[in-house]
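Below is one structure, written out as structure tokens; the observations come after it.
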Amino acid sequence: KLEEALKNPLMFIEADILIGSASPSPIMAHPPHTTSDLTFSEFLKEIKSTSKGLKLDFKDINALQSCLNELETQKDNINGPIILNADIVRANPQCAQPVDAQRFLSESLAFAFRVIP
Numbered sequence: 005k006l007e008e009a010l011k012n013p014l015m016f017i018e019a020d021i022l023i024g025s026a027s028p029s030p031i032m033a034h035p036p037h038t039t040s041d042l043t044f045s046e047f048l049k050e051i052k053s054t055s056k057g058l059k060l061d062f063k064d065i066n067a068l069q070s071c072l073n074e075l076e077t078q079k080d081n082i083n084g085p086i087i088l089n090a091d092i093v094r095a096n097p098q099c100a101q102p103v104d105a106q107r108f109l110s111e112s113l114a115f116a117f118r119v120i121p
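Quick note on numbering: the sequence shown equals residues 5 to 121 in the numbering used here.
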């Protein structure tokens, strides 16, 4: 799927991120899946040749800080805008439990001020 997205003329790639069941590292997956062949770090290395924007959709708050640290480490290799997203409100009872809104916002804002000159 990633190769298809990189070749597509669309300007943004949306990517879902969570902590997998096999490793404490963030992976690229959407619930209910908890395994993936692509870690967040590997994902960033794959997209470095593109100028596409990234919409990073955090499905697990425990993946956030690790991903922000990795983004900061690789920021010189990222050529497009980054949007950080998480479901912080439960839309209906069938939806997954939302992530901690206060933690998501405080960690995301701290990250934004570290990387924006």
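Each residue gets a CB set at the ideal place from its N, CA and C atoms; glycine is no exception.
Rounded straight-line distance, which links the Cα of residue j to that of residue i
{"i": "E111", "j": "N66", "result": "11 Å"}
{"i": "G24", "j": "L48", "result": "17 Å"}
{"i": "P28", "j": "F44", "result": "12 Å"}
{"i": "E18", "j": "K59", "result": "5 Å"}
{"i": "I31", "j": "A105", "result": "21 Å"}
{"i": "K79", "j": "P35", "result": "27 Å"}
Close beta carbons around residue i, own chain, < 6 Å, minus the five adjacent residues each side
{"i": "G84", "result": "S55, K56 and G57"}
{"i": "A90", "result": "F62, V103 and F108"}
{"i": "T38", "result": "G24 and S25"}
Residues bridged to residue i [DSSP beta-bridge criterion]
{"i": "L88", "result": "L60"}
{"i": "D20", "result": "D61"}
{"i": "I31", "result": "L22 and T43"}
Residues near residue i by beta carbon distance below 7 Å, same chain, minus five either side
{"i": "P50", "result": "For clarity, residue 50 is Glu in the given sequence; the question names Pro instead. Cβ within range, chain order: L6."}
Contacting residues, own chain, Cβ-Cβ under 8 Å from residue i (five flanking each side not counted)
{"i": "L14", "result": "K56"}
{"i": "C71", "result": "I21, P30, F44, L60 and F62"}
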